[in-house]
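*Asks:* This structure is in C-alpha cells; I'll ask about it shortly.
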Amino acid sequence: MSQAPLSRRQQIESMLAQQPHDQFLRYMLAMELGRDGQEERCMDLFRGLMTDATPHVPSFLMAAQRLLANEDYNEARSVLRDGIGEARKQGESHAAAEMSELLQRLGAMGE
Numbered sequence: 009m010s011q012a013p014l015s016r017r018q019q020i021e022s023m024l025a026q027q028p029h030d031q032f033l034r035y036m037l038a039m040e041l042g043r044d045g046q047e048e049r050c051m052d053l054f055r056g057l058m059t060d061a062t063p064h065v066p067s068f069l070m071a072a073q074r075l076l077a078n079e080d081y082n083e084a085r086s087v088l089r090d091g092i093g094e095a096r097k098q099g100e101s102h103a104a105a106e107m108s109e110l111l112q113r114l115g116a117m118g119e
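What follows is the structure in C-alpha cells.
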C-alpha cells in the first residue's frame with residue numbers, strides 16, 4: 009500500500025527540519041500557512057523573518073498585506089515603514105518602492 013504524497017506544506021516543513029534557519033523555506037511555509045488560514049503561525053514566521061540578523065525584505069510586504077486583510081491598519085503601517093527602511097538599507101529599491109506605494113494607498117484608512 010503506497011503512502012499519500014506529502015502536501016506542499018509537509019514538503020516545506022520536512023526541508024525546514026533539516027535547514028531551520030533557511031529564510032526562503034520559512035517564507036514559503038508562512039505563505040502556505042496563510043493560505044491554510046493559520047494566521048497566527050503565519051505571522052509568527054513573518055515576524056521572525058523580519059527580525060533576523062539580516063531581515064528578509066519580502067516578508068515585510070507580505071506581513072503588511074496580511075495585517076491589512078485583518079484590518080490592523082496601524083500595525084500594517086508600522087511594518088511597511090520598517091520594511092521600507094530595511095529595503096533601502098539592503099539596496100532593494102524595487103521592494104522599497106512597492107511598500108511605499110502600498111503605504112501611500114493606505115493613507116488614513118482605519119484612522
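Residue numbers (my numbering): 9 to 119. Yeah, the Cβ is synthetic: ideal placement off N, Cα and C, and Gly gets one too.
1. Could you check whether Tyr35 and Pro13 sit closer than 8 Å to each other, using their CB atoms as the reference points?
2. Tell whether a beta-carbon distance below 8 Å holds between Leu33 and Leu24.
3. Please give me, in chain order, every unbroken run of the alpha helix (DSSP H) with length at least 4 that falls completely inside the segment 9 to 63.
4. Counting C-beta neighbours from all protein chains within 10 Å, is the total for Pro63 16 or more, i.e. buried, or is it exposed?
5. Could you have a look at Asn78 and say whether DSSP puts it in helix, strand or coil?
6. Taking C-alpha atoms, which residue in Gln31, Gly91, Gly56 lies nearest to Gln73?
7. Considering just the uninterrupted stretch of the alpha helix (DSSP H) at Gln112, what are its terminal residues?
*Replies:* The relevant details are as follows:
1. no
2. Contact: yes.
3. 16 to 26, 31 to 43, 47 to 58
4. A buried status is given to Pro63, since no fewer than 16 other beta-carbon atoms sit within 10 Å of its beta-carbon.
5. Shown here, Asn78 sits in coil according to DSSP, grouped into three states, outside any helix or strand.
6. Ranking Gln31, Gly91, Gly56 by CA distance to the CA of Gln73 puts Gly91 first.
7. 101 to 114
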